[in-house]
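Protein chains in written order, with this note's numbering: chain A, 1 to 114; chain B, 1001 to 1114.
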Amino acid sequence: GQQVMQIPQYQHVQEGEDFTTYCNSSTTLSNIQWYKQRPGGHPVFLIQLVKSGEVKKQKRLTFQFGEAKKNSSLHITATQTTDVGTYFCAGFRVTTDSWGKFQFGAGTQVVVTP
Amino acid sequence: DGGITQSPKYLFRKEGQNVTLSCEQNLNHDAMYWYRQDPGQGLRLIYYSQIVNDFQKGDIAEGYSVSREKKESFPLTVTSAQKNPTAFYLCASTPTSGGLNEQFFGPGTRLTVL
Chain A
1 GQQVMQIPQY
11 QHVQEGEDFT
21 TYCNSSTTLS
31 NIQWYKQRPG
41 GHPVFLIQLV
51 KSGEVKKQKR
61 LTFQFGEAKK
71 NSSLHITATQ
81 TTDVGTYFCA
91 GFRVTTDSWG
101 KFQFGAGTQV
111 VVTP
Chain B
1001 DGGITQSPKY
1011 LFRKEGQNVT
1021 LSCEQNLNHD
1031 AMYWYRQDPG
1041 QGLRLIYYSQ
1051 IVNDFQKGDI
1061 AEGYSVSREK
1071 KESFPLTVTS
1081 AQKNPTAFYL
1091 CASTPTSGGL
1101 NEQFFGPGTR
1111 LTVL
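Okay, here's the thing in structure tokens:
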């Protein structure tokens, strides 16, 4: 089953407002990535977090990785219509076959009202 | 231009028929992946290949098969054994296997089984 939970599933935002999407894992992650998928498109890489407690910023987007490396968040300030899309987190954990794999969250679909 | 191509963009098949989805990359990446995306769900891993002539099952491999005879190609066959094959299929690649690489996605193939 889904081991990486992402909330909320939907987010309606008025243009100019802020919002946050959260990602929670049942197990400790090696690292986590965030992707954005525009309607009708494919996922595009946004950022990667590796260190415990890491915070990274990309213009209006702020990404955090929890101290226990089990949760992460994406905060967008002053939402614009270009922020429309679905945001996915993808947590990587090492598995017993010594490789490891990504587990994607279900995504947060963001709709922006002008 | 370097990238990943998937063809066709839309595919229709009758129930009971096998169908092969194409994925080609000219990024010289070693690792390639197939994901399935259903509405309201994240990406689920079907198969992955860390290197040419090698591949492993992902989380939902039943009813699917792959081959990796060339580094740049990783075709996915959806067999008649797959009970619910209608979905959006995404191919991805990374320079090497492991979790610290950004995943590059192709544009996807939307398969509809009638």
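Glycine included, each C-beta is placed from N, C-alpha and C at the ideal position.
query                                                                                                                                                                      : result
From the DSSP output, read off the bridge partner residues of valine 1052/B.                                                                                               : The partner list for valine 1052/B (beta bridge, DSSP) is empty, contrary to what the question assumes.
Which of the three DSSP states, helix, strand or coil, is assigned to threonine 81/A?                                                                                      : helix
Pick out whichever of Phe1074/B, Arg1013/B and Val1113/B has its Cα sitting closest to the Cα of asparagine 1084/B.                                                        : Val1113/B
Which residues does DSSP list as the beta-bridge partners of phenylalanine 1074/B?                                                                                         : In the DSSP output, where bridge partners are listed per residue, phenylalanine 1074/B has none listed.
Express the C-alpha separation of glycine 16/A and phenylalanine 1104/B in angstroms, rounding to a whole number.                                                          : 30 Å
May I ask which residues mark the beginning and end of the beta strand (DSSP E) holding alanine 1087/B?                                                                    : 1087-1094
May I ask which residues mark the beginning and end of the beta strand (DSSP E) holding asparagine 31/A?                                                                   : 31-37
Determine the chain B residues that contact proline 114/A at a beta-carbon separation under 8 Å, and present them in chain order.                                          : Those within 8 Å of proline 114/A in chain B number zero; the least Cβ separation is about 25 Å.
Indicate whether at least one CB of chain A lies closer than 8 Å to the CB of proline 1095/B.                                                                              : no
Are the stretch 54-71 of chain A and the stretch 1007-1019 of chain B in contact at 8 Å, needing three or more beta carbon pairs?                                          : no
Between which residues of its own chain and phenylalanine 1055/B is the CB-CB distance below 7 Å, once the five residues before and five after are set aside?              : Tyr1047, Tyr1048, Ser1049, Val1066 and Arg1068
Assign valine 110/A to one of two classes, buried (16 or more other C-beta atoms within 10 Å of its C-beta) or exposed (fewer than that).                                  : buried
Consider the Cβ of glutamine 3/A: report whether some Cβ of chain B lies at a distance smaller than 8 Å.                                                                   : no
Look up alanine 68/A in the DSSP assignment and say whether it is helix, strand or coil.                                                                                   : coil
Can you find the residues in the same chain that come closer than 6 Å, C-beta to C-beta, to tyrosine 91/A, ignoring five residues on each side of it along the sequence?   : The question names tyrosine, but residue 91/A is glycine in the sequence shown. Cβ neighbours of glycine 91/A beyond the five flanking positions: Val4, Ser25, Leu29, Ile32 and Gln103.
If I measure Cβ to Cβ from histidine 12/A and keep anything under 7 Å in the same chain, skipping five residues before and after, which residues do I get?                 : Val111 and Thr113
So, for threonine 21/A: in the same chain, excluding its five sequence neighbours on each side, which residues have a beta-carbon less than 6 Å away from its beta-carbon? : Leu74, Tyr87 and Thr108
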